[in-house]
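Asks: This is the structure, below, for whatever I ask next.
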Amino acid sequence: MTHDDITADAVSGPGGTPPGPSAVRPADTDADAAGRDTAPSPADAALPPELAPAALTLFGDRLDLAAAYAELLATDGVVRGLIGPREAPRIWDRHLLNCAAVAERIPSGATVLDVGSGAGLPGLVLAIARPDLTVTLIEPLARRTSFLIEVVERLGLAKSVRVFRGRADEAASGSSGREPISGDVVTARAVAPLDRLAGWSLPLAVRGGRLLALKGSSAAAEIEEHADVVARLGGGEPAVQLCGVGVLDSPTTVVEIVRERMVGPARPAAKKRARGGRSRRG
């Protein structure tokens, strides 16, 4: 097994039991936090009691698996620069629950491609919350794919999750002897503005598949600015969806785009010809 790619059988069913402590722990007291040093600590991944009902709703009997992932983010993820130190205490509300809510927009048994997966958000979260999904994490940077591969192995998710080291366009077209890949759903979080993101992501979706782009307050403005580009790329009219309504205090904002038409890659412009039929040299 290499760090370039993990190929796994597409199967349904729960992942394995993660090694090490994974139980959900109560949050630290202020006194405990004040005495802690600045090194990453598993305590930073504690599930705040007020978020426990939402976490149980979104993760169900895989909540301990989500807790194990939260701990890896708060420790190894911080040390390796994938998660900022200030984000560690907010892993549950700002990252895990925010991503897990998107699962309600994904059909049962779907294949999911997560573009620019980074530390695994939202792809790994969706794989934890939904064992029926087959997930591919697409990430070009070696240090990030190394982390993803280690997390997949440690959480026992290798039967339903694989890591693709490369760019989205390489995944869609195939490169280095690998077959092109496509999926029912393409996800992305904090990757790029909607026009560029659609250009990278829609070619990965099957016809009738969809892009689910996690966005913030800019969602409506991005749709207004880039709807024409999305249409030229074969996408339908972008729609804003709120996920986790009634579960999360702040529902997750998602821009959903269905791939309605298969649009091929743009052809390079033909070179101008000089008199006599010879092409000009640049």
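Residue numbers (the numbering used here): 693 to 974.
Here a beta-carbon is modelled for each residue, glycine too, at the ideal position from N, C-alpha and C.
Restricting to runs no shorter than 3 residues, where is the beta strand (DSSP E) found entirely within the stretch 730–817?
Replies: Counting whole runs of 3 or more residues, the stretch 730–817 contains the beta strand (DSSP E) stretches 803–807.
Asks: Taking only the alpha-carbon atoms, compute the straight-line gap between ASP756 and GLU862 and give it to the nearest angstrom.
Replies: Sequence index remark: in the sequence shown, residue 756 carries index 64 (1-based). Sequence index remark: in the sequence shown, residue 862 carries index 170 (1-based). Between ASP756 and GLU862, the C-alpha separation is close to 35 Å.
Asks: What first and last residue would you give for the alpha helix (DSSP H) that runs through ARG924?
Replies: Counted from its first residue, the sequence shown places residue 924 at position 232. Start and end: 911–924.
Asks: Could you give the first and the last residue of the continuous beta strand (DSSP E) run that contains LEU934?
Replies: Locating residue 934 in the sequence shown gives position 242, counting from the first residue. Here the beta strand (DSSP E) through LEU934 covers 931–935.
Asks: How would you label ARG881, buried or exposed, when you count the other beta carbons within 10 angstroms and need 16 or more for buried?
Replies: Within the sequence shown, numbered from 1, the residue matching residue 881 stands at position 189. That one is buried.
Asks: Taking LEU833 as the reference, give the member of ASP768, LEU774, LEU789 with the closest Cα.
Replies: Numbered from its first residue, the sequence shown carries residue 833 at position 141. For the residues ASP768, LEU774, LEU789, the minimum Cα distance to LEU833 belongs to LEU774.
Asks: Along the alpha helix (DSSP H) that carries VAL844, what are the first and last residues, could you check?
Replies: On the sequence shown, position 152 is the one that residue 844 refers to. Its alpha helix (DSSP H) spans residues 834–846.
Asks: Which of the three DSSP states is assigned to ASP887 in this structure?
Replies: Position 195 of the sequence shown, counting from 1, holds the residue named residue 887. Correct three-state label for ASP887: helix.
Asks: Given a threshold of 16 other Cβ atoms within 10 Å of its Cβ, counted over all protein chains shown, does PRO732 qualify as buried or as exposed?
Replies: Indexing the sequence shown from 1 puts residue 732 at position 40. By the neighbour-count rule (16 or more Cβ atoms within 10 Å), PRO732 is buried.
Asks: According to DSSP, is ASP876 helix, strand or coil?
Replies: Taking the first residue of the sequence shown as 1, we reach residue 876 at position 184. It is a strand residue.
Asks: Check for me: the beta strand (DSSP E) holding GLU862 runs from which residue to which?
Replies: In the sequence shown, the residue the question calls residue 862 occupies position 170. Unbroken run through GLU862 is the alpha helix (DSSP H), 860–865; no beta strand (DSSP E).
Asks: Measuring CB to CB, does VAL939 end up less than 7 Å from ALA802?
Replies: Taking the sequence shown and counting its residues from 1, the one referred to as residue 939 is at position 247. Taking the sequence shown and counting its residues from 1, the one referred to as residue 802 is at position 110. Not a contact, by the Cβ cut-off of 7 Å.
Asks: Look at the alpha carbon of ARG836 and the alpha carbon of GLU842, and state the distance between them as a whole number of angstroms.
Replies: Your numbering for residue 836 matches position 144 in the sequence shown. Your numbering for residue 842 matches position 150 in the sequence shown. ARG836 and GLU842: Cα-Cα distance of roughly 10 Å.
Asks: Provide the residue span of the beta strand (DSSP E) that contains LEU829, from first to last.
Replies: On the sequence shown, residue 829 is found 137 positions in, with the first residue counted as 1. Note, LEU829: beta strand (DSSP E), 826–831.
Asks: Under a three-way DSSP split, which group does LEU849 fall into?
Replies: Within the sequence shown, residue 849 is the residue found at index 157, counting from 1. LEU849: coil per DSSP, three-state reduction.
Asks: Looking at the secondary structure, which residues open and close the beta strand (DSSP E) in which ALA897 lies?
Replies: Here residue 897 refers to the residue found at position 205 of the sequence shown. 897–907 is the extent of the beta strand (DSSP E) around ALA897.
Asks: Using DSSP bridges, identify the partner residues of GLY927.
Replies: Translated into the one-based positions of the sequence shown, residue 927 becomes position 235. The partner list for GLY927 (beta bridge, DSSP) reads ARG951.
Asks: With a threshold of 8 Å, are at least 3 pairs of Cβ atoms found where one atom belongs to the stretch 851–867 and the other to the stretch 784–801?
Replies: Verdict: no, contact absent.
Asks: Near PHE751, which residues of its chain fall below 6 Å by C-beta distance, leaving aside the five closest residues on each side in sequence?
Replies: Indexing the sequence shown from 1 puts residue 751 at position 59. Excluding sequence neighbours, PHE751 sits near ALA758, ALA821.
Asks: For LEU904, tell me which candidate among GLU779, ALA795, ALA780, GLU742 has the shortest Cα-Cα distance.
Replies: By 1-based counting over the sequence shown, the position of residue 904 is 212. Of GLU779, ALA795, ALA780, GLU742, the residue nearest in Cα terms is ALA795.
Asks: Within its chain, find whatever has a CB closer than 7 Å to the CB of LEU814; leave out the 5 residues flanking it on each side and keep chain order.
Replies: Counting from 1 along the sequence shown, the entry for residue 814 is found at position 122. A small correction: the amino acid at residue 814 is Pro; Leu does not occupy that position in the sequence shown. Closer than 7 Å at Cβ, skipping near neighbours: CYS791, VAL794, ASP806, THR879, ARG881, LEU906.
Asks: How many whole angstroms separate the CB atoms of SER852 and PRO823, which I take to be in contact at a CB cut-off of 8 Å?
Replies: Position 160 of the sequence shown, counting from 1, holds the residue named residue 852. Position 131 of the sequence shown, counting from 1, holds the residue named residue 823. That belief holds up - the Cβ atoms of SER852 and PRO823 are roughly 7 Å apart, short of 8 Å.
Asks: According to DSSP, which residues form a beta bridge with VAL946?
Replies: The residue you call residue 946 lines up with position 254 of the sequence shown. Answer is LEU906, GLN933, bridged to VAL946.
Asks: Report the partner residues of VAL855 according to the DSSP bridge assignment.
Replies: Here residue 855 refers to the residue found at position 163 of the sequence shown. DSSP, once it has assigned bridges, lists LEU829 as partnering VAL855.
Asks: Count the other CB atoms, across all protein chains shown, that sit within 10 Å of the CB of ARG754; report buried if there are 16 or more and exposed otherwise.
Replies: The residue labelled residue 754 in the question sits at position 62 within the sequence shown. Classification of ARG754: buried, given that the 10 Å Cβ count is 16 or more.
Asks: With a Cβ-Cβ cutoff of 7 Å, do GLY875 and LEU840 count as a contact?
Replies: Numbered from its first residue, the sequence shown carries residue 875 at position 183. Numbered from its first residue, the sequence shown carries residue 840 at position 148. Going by C-beta atoms, GLY875 is not nearer than 7 Å to LEU840.
Asks: Is LEU765 buried or exposed, if buried means 16 or more other CB atoms sit within 10 Å of its CB?
Replies: To locate residue 765, count along the sequence shown from 1; it is residue 73. Label assigned to LEU765: buried.
Asks: Drop a sphere of 10 angstroms on the beta-carbon of ALA762, count the other beta-carbons inside from all chains shown, and report buried for 16 or more, exposed for fewer.
Replies: As a position in the sequence shown, residue 762 is number 70, starting the count at 1. By the neighbour-count rule (16 or more Cβ atoms within 10 Å), ALA762 is buried.
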